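Following: one structure in C-alpha cells, then a few remarks.
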Amino acid sequence: MLAAIEGKGRIRPDGLSKVTGSLKYLTDLSFEGMLYGKVLRSEHPHARITSIHTEKAQQLKGVAAVITHEDIPGLNGFGLIFPDQPVLCDTIVRYTGDAIAAVAAETEEIAEQALSLIEVGYEPLAVVDDPEKALLPHSPKLHPDGNLLHQTSYIQGDIEHAFHCCCFLVEETYELPRQMHAYMETEGGVVVPEENGGITVFMGTQHGYKDRFQLSRILDIPEERIRVISSPMGGSFGGKDELNVQPHASLLALKTGRPVKIHQTREESLRAGLKRHPMKITMKTGIDEQGLLLAHQVRILADTGAYSSLGPAVLDFAVEHAAGPYLIPHVKTEGFSVFTNNGVSGEFRGFGGNQVTFALESQMDRLAELIDLSPLEIRKRNVRRAEDRGPMGQRIAPANGAADVLESIDRHKDEIEKAAQPADSATWIKRGTGMALTMHGGGLGYGRLDGSGGRLEFSREGKIEVYFGFEECGQGLLSVIETIVTDELQCAPSDMVIVIGDTARVPHTGSSTASRATSMVWNALQRMKGEFSSLILQLASDVSGISVHELKLGEGGIWKTYADETLPFIHYRDLAENVFSDPITVSTIFDFPTTPDPVPGGHFLYAFAAVLAEVEVNLLTGKITVTRLDQAVAAGPVISRLGYLGQIEGGGVMALGYTLMEDAAMEEGLYIPRNFDSYLIPTIKDVPLEMNVEAIEDLYDGDIYGPRGVGEIGTVAAAPAITKAIHSAMGHWITKLPVSPEEILSAVNERGLLSWKRNK
Amino acid sequence: MDMKEDSQVLFIPQTPDEAAAMKQRLGQDACFVAAGTFLQLQWNERKSHPRFIISLEQIKELQGLQLYDGYLEIGSLTHLAEMKKTLSSEGDSILAEAITQIASPAIRNQATIGGNIMSKKGDLIPLLLALDAEIAFLTDSGTFRQSLLSWIKQKEESLLLTHVYIPHISISRLEEVSHTFFRKIGRRESFIPSLATICGSFSRDIEGRIIHMRLAVGGGDHPAERLFNTEKHVIGRKINEDLLEQVYQSIIEEFTPEKNPFASAEYLQMAAANLAAAELQSFCLEKTI
Ligand SMILES: Cc1cc2nc3c(=O)[nH]c(=O)nc-3n(C[C@H](O)[C@H](O)[C@H](O)COP(=O)(O)OP(=O)(O)OC[C@H]3O[C@@H](n4cnc5c(N)ncnc54)[C@H](O)[C@@H]3O)c2cc1C
C-alpha cells in the first residue's frame, strides 16, 4: 500500500504545551536553595596541565564550591564504550572542550567570574589536528594505545581480480564535514542531593539507565541511589546520549548539599559537545558492460576527536552500510576511527550512514554517467531483492523496500519533468534534479546488549498506566505510545497515563536511539496486550457476573461485545475500586531482533528511503537553492502520521543543512565558528516550499516485526540527491560537503557559463 | 538616571539637544545606544561595556519618515521595520527590499537606521551610497549636513546623527530608464551577516547610453566604498558584451575585500562583479523607450 502522508493527524499529547511555551523542560526547573554551576574548559587543544590553583575562586563571595579532579570519589572518566574521557582533567587536556574545574555559586555571574579566577598552568603540546597525520608513526600519542581508536573491515570475494573484469571504474575521495546537532535546548538541567546520600538528576539523555550506570561509577555511589529523570528534552539527535555536564552538576550538588543547575550556553555547547564524525571516504567501484556492480573498494577514515564515546560503533555502522542496498559480489571495506585533538565526535542521527551513503550514491551516479544509464536504471539493475542477504552477507528480515522506494521516487521525478518550468527563470539560474537511495539498519546490531520491554498497569485510580524507559526528545514518542496503546487496547487517550524517562519508575527498555523506540513500543504492546486485557476483563467479569467472552476493553471502560450501547457498561474508574489488592501489572522483557549470523554490529531490520531533490544553481554567486525535496520511505506501517512526516521532512532539512552550509570547521584544534552566527543551520527561507513524503507501509509476507523507526532515515540520502541535482544543472561533480559556492563559481568559470567571463 | 551594576550608568535623554550635550560632557566613556542590537554583539564579543550609556530610545522627534519635494528625510531613530512599512506603501521598493535582507523580523522591529549607519558595518550603507544619501549631525553650532560619502571616509565620530536624506530624484528619476539594485552575499537565504554587498544605481538615455552610474560595495569587514573607476569607465557608453567584460574586470580590480574564514577574497570579488554585470546586462536588454 502506498500512502501520501498528509492531512490532519492526532494532536500530540505534548503539542499544546510546546507551542504555547508552557512546557517546562528540565533546564527550566528551579529548586529552593539552588546554586548555579559552570565548567572551566581547556584553553588549549593539547597541553600538559602543570598546575591548577582554585584558591582565589574559592574565596570569591557567593562561591559555594570549586571542584577539580581531586574531588572525584570514583572513576574519573566517562564514555558509552570506553570511559576514556576525564570528568575533570588532571594531567593532560586533549581538546578545547576538556573540563578542568567546575564551580557552584549563588548566581551564574558569580560562577562565571569564579572561573576567571581559576589559574591553570599549561605546557602546550603539539596539536594533532588531522586523522591522516595522527596515524603517522611520529605523531604524538593521544592515548596509551596510540591514536587508532578502532579499525574494522568487511571483505567478500576477490576485489583485485574483480577490478580487472570491470568495464568502467570510478575512484573518488569524498570529504564530509563536522555537523553539529544544533538542538534548541543546550545541555543541562539540575541535580538535587537527596537525604539518603544519593541524587536526583534532572537532565536530558537518551538512555536514563546508562547515565545512572556511568554516574554511579564516577560518584562511587550505588546505582539505586541515583534517580535520572531524562525527559522531556528540547532535541538531542544523538548528541545527548553520552554524558555531558551531569557528572559536574552531580559532584557539585553532593559537595555543597544543595541543588545545582548547569545549563550550557550555545558557545559552551559548541565547544564541548559532540559532533557528527568528519570522514574521508575513498571508493573505487567498478561495473561490467551491463552496468552491474562487480567490485567495490572502500576506505573510511573517521576523525573521532579526543575521546572514544561511540566512535567504534559509528565506524562499524559506516563499514556495514558501505555497499548499501546493492548486490556487489566483490567488496573490500576498511574503516579507521582515529583520535585527534579536534572536538569529540560521536552519535548523530544516521550514525555513520549519512557519510558513507553520500560516497556510495555519488559513485553510482558517476558510474551511470560513464555507461550512459539513467540514475534510476543503474540503481534498478543493482538493487537488492526482498530475500537477498544484508550488506555484510548476514540474513536480514526480508523486505522489498529498496525496489519500492525507487519506483515511487521515479514517479515524483516524472512529475517534476512534466511540470512547466517557471516562465522567466533568468539565464543565470540553472535547474537540475537528482535522486539517491539508501537502506538503514535499526537497533544496535549483532552482539550488542539491546534489551527492551515495557510495563502496563491498571491503577487504583482506574488509569491504564504505560511505562517505558524511553525519552521524548521532540521526536513524538508520546504520540507514538498513545497511538499504539489506544489502537491495541481500544481505550481512549484520556484513559491512559504515560510514564517515561524516570529511572525510579520505568523498566529497562533500552536507549531512545538507533530508530528503535517506536518499533520496541509496538513489539512490547503485542506481547502485553493479550494478558493485560484478559486480566482486566476477568476482573470486570468477577464484578458483574458476565462472561469474559461477552466483554471487551473500550473507550472509558469495559463494553459488552454484543450490545449496541453508547456508554461503557462499567467505567475503568468504577472497576478500579474493585482492585483491592495490588494494581494489575503486566510487563515484558525481550531483545531487539538481530540476525542469526554472527556479524558483529550487523543489523537485521532495515528501513529504506529514496530521495528526489531539485535545485537551482545561481551562476553569479555559486549559491544553491533546493527547490524541492521528496522522500519515499519504506519502514512498515505508519504509527503517527504527523510524527512520521515530521521526522522525514525534518530529517531532510537537517540533511540540507549538512549538504549546503553546516560545518563546525576547526583549525589547529580550535573551532572556527563559535556560535549560531557563524555555525549556520537552515532557516525556513532555505527550506524548499515543496516537500513530499510518501510512505510505503507494506511489510513482506510473514514479517512479524511491525513498524520500523524513522528517526534517522530522513537524514541519510538527501545529500547525494542534492549534489547530483547540482551536477544535472551544470555538470559539476561535488566531492566535498558542505558544497562551497566558491567551488561552484570556479566550475562556472571553467565552463564559461557567463557571457562576460568566457574562458580566456 | 538609573544605576546599573556598580560601574555602569544609564542616561535617558528626551531630546536630541539633551543627548548631544550629555555626550559632550561625558566624552569617550559614553556611548549612544539606539536599539543596541549592534552594540550587544560587540559587547558580547569584547566582554566589556562602556561606563556611560546614553539611551536614545525616548527621543521621539528623531523617529519617522517625511517625504519632501525632491528628497526623503528619515529620522535616525526610525526602526527598520517601520521604514520598510512606510516605504513599501509609498511604492519605493529598493530600500524596503534591502531591509528585508537585514537580520530578522524581531530585530528589525527594534533596530534603527541610525545604528545601521553609525555601526559603519550596516548593510544599508552601500545602498545609501548608491542613492547619494546625505546625513545630518547635531553639533554645538547647530545641525551639520554632509554627504554620506564624505562621512564614511572620516574617522570615529562622536556626534549625534539626526537624519538621513535621500534625494528623491535618484529613486525615481526617469522611471523607465533607471535601475537600482541591492545584492547581499551571505551564506544562507536570510538572517545572515553579509560577506559582501554590492549596490548600484544607473540610468540610460534614449540611445541606451549610461548617463548616471553609482556602484558601491560593503559588507563583512570591508568598509563601504564607491567604485569610482568602474563608474567612470561606464558613464557615457552603451552596454555591450565588451563593456560588460570590462565592468567585470574593473570591479575585480577595484573591490579588494579581506578574506574571512568563510570566503576567499577572490570569491567575493567574482560574485560581486558577476552580480553587477548581470544587473547591467538585464538593465540594458530591457526595451529602450
Ligand atoms: C542577530 C543579529 C543579526 C544582525 N543582522 C544584521 C544584518 O543582516 N545586516 C545589518 O546591517 N545589520 C545586522 N545586525 C546589526 C544591527 O542590528 C543593525 O545594524 C541595526 O540597524 C543597528 O541599529 P541599532 O539601533 O540597534 O544600533 P545600536 O546597536 O544601538 O548602535 C550601533 C552604533 O551606532 C551608534 N549610534 C546609534 N544611533 C546613533 C545616533 N543616532 N547617533 C550617533 N550614533 C548612534 C551607537 O553608538 C553604536 O556605535 C544584526 C544584529 C544582530 C543582533
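Top to bottom, those sequences are chains A and B. If you use the working numbering, the first sequence corresponds to residues 59 to 818, in order. If you use the working numbering, the second sequence corresponds to residues 3 to 291, in order. Even glycine gets a Cβ: it sits at the ideal position worked out from N, Cα and C. Treat the numbers as computed from the prediction; the structure is a model and nothing was measured.
Close partners of B:P263 in chain A (Cβ separation under 9 Å): A723, E725, I730, P731, S736. A:I594 and A:K743 have their C-alpha atoms some 53 Å from each other. Membership of A:H470 in the alpha helix (DSSP H) is indicated by the continuous run 459-476. Under the 8 Å criterion on CB atoms, B:L41 is classed as non-interfacial with respect to chain A. At a threshold of 7 Å, B:D244 does not count as near ligand 1, since its beta carbon sits no closer than that to any of the ligand's heavy atoms.
Using a C-beta cut-off of 8 Å, the segment 307-323 of chain A makes contact with the segment 159-177 of chain A, since at least three inter-stretch Cβ pairs fall below that distance. Residue contact check for A:L747 against chain B: no CB pair falls below 8 Å. As DSSP reads the structure, A:N750 sits in a beta bridge with A:D688. Residue side-chain check: B:V35 places its Cβ nearer than 7 Å to a non-hydrogen atom of ligand 1. The three-state secondary structure of A:K333, taken from DSSP, is strand. The DSSP-derived three-state label of A:M422 is helix. With a threshold of 7 Å, the Cβ atom of B:I104 counts as near ligand 1, since some heavy atom of the ligand is closer than that.
Considering only beta carbons, the part of the segment 192-205 of chain B lying closer than 8 Å to chain A consists of S192, F193, I194, P195, in chain order. Residue burial is scored here from C-beta neighbours: A:P290 has at least 16 other C-beta atoms within 10 angstroms and is therefore classed as buried. Rounded to whole angstroms, the separation of the alpha carbons of A:P449 and A:S75 is 43 Å. Residue contact with chain A for B:L246: present (Cβ-Cβ distance below 8 Å to some residue of chain A). Using a Cβ-Cβ distance cut-off of 8 Å, the segment 428-442 of chain A and the segment 649-661 of chain A are not in contact, since fewer than three pairs of beta carbons, one from each stretch, lie closer than that value. Judged by their CB atoms, B:T114 and B:T145 are not nearer to each other than the 8 Å cut-off. In this structure A:Q452 is buried. Its beta-carbon is surrounded by 16 or more other beta-carbon atoms within 10 angstroms. Contact residues of the segment 253-281 of chain B toward chain A are P263, A265, S266, Y269, M272, A273, N276, L277, A279, A280 (C-beta to C-beta distance below 7 Å). In the DSSP assignment, the residues bridged to A:I522 are A:F516, A:M554. Cβ neighbours of A:I467 within its own chain (closer than 6 Å, five residues either side excluded): M493, A668, L670, A690. Interface criterion met: the Cβ of B:R190 is under 8 Å from a Cβ in chain A. Nearest Cα to A:A598 within the set A:A582, A:Y232, A:P626: A:P626.
For B:T17, the CB stays at least 7 Å from every heavy atom of ligand 1. In the assembly as shown, A:P195 is an exposed residue. Its beta-carbon has fewer than 16 other beta-carbons within 10 Å. Rounded to the nearest whole angstrom, the CA to CA distance from B:P107 to B:I101 is 10 Å.
Under DSSP, A:R357 takes part in a beta bridge, and its partners are A:T340, A:E392. Taking a cut-off of 8 Å for Cβ pairs, the segment 503-517 of chain A and the segment 673-683 of chain A do not touch, as fewer than three such pairs fall below it.
Between the segment 192-209 of chain A and the segment 118-128 of chain A, the count of C-beta pairs closer than 8 Å stays below three; the two stretches do not touch. In the three-state reduction of the DSSP assignment, A:D649 falls in the strand class, which pools E and B. Check the Cα spacing between A:R489 and each of A:V675, A:A455, A:E253: the tightest is with A:V675. Taking a beta-carbon distance threshold of 8 Å, A:S327 does not count as an interface residue toward chain B.
In the structure shown, A:P799 falls within a helical segment according to DSSP collapsed to helix, strand and coil. For A:L795, no Cβ of chain B is located within less than 8 Å of the residue's own Cβ. Taking a 10 Å sphere around the C-beta of B:C286, we find 16 or more other C-beta atoms and assign the residue as buried.
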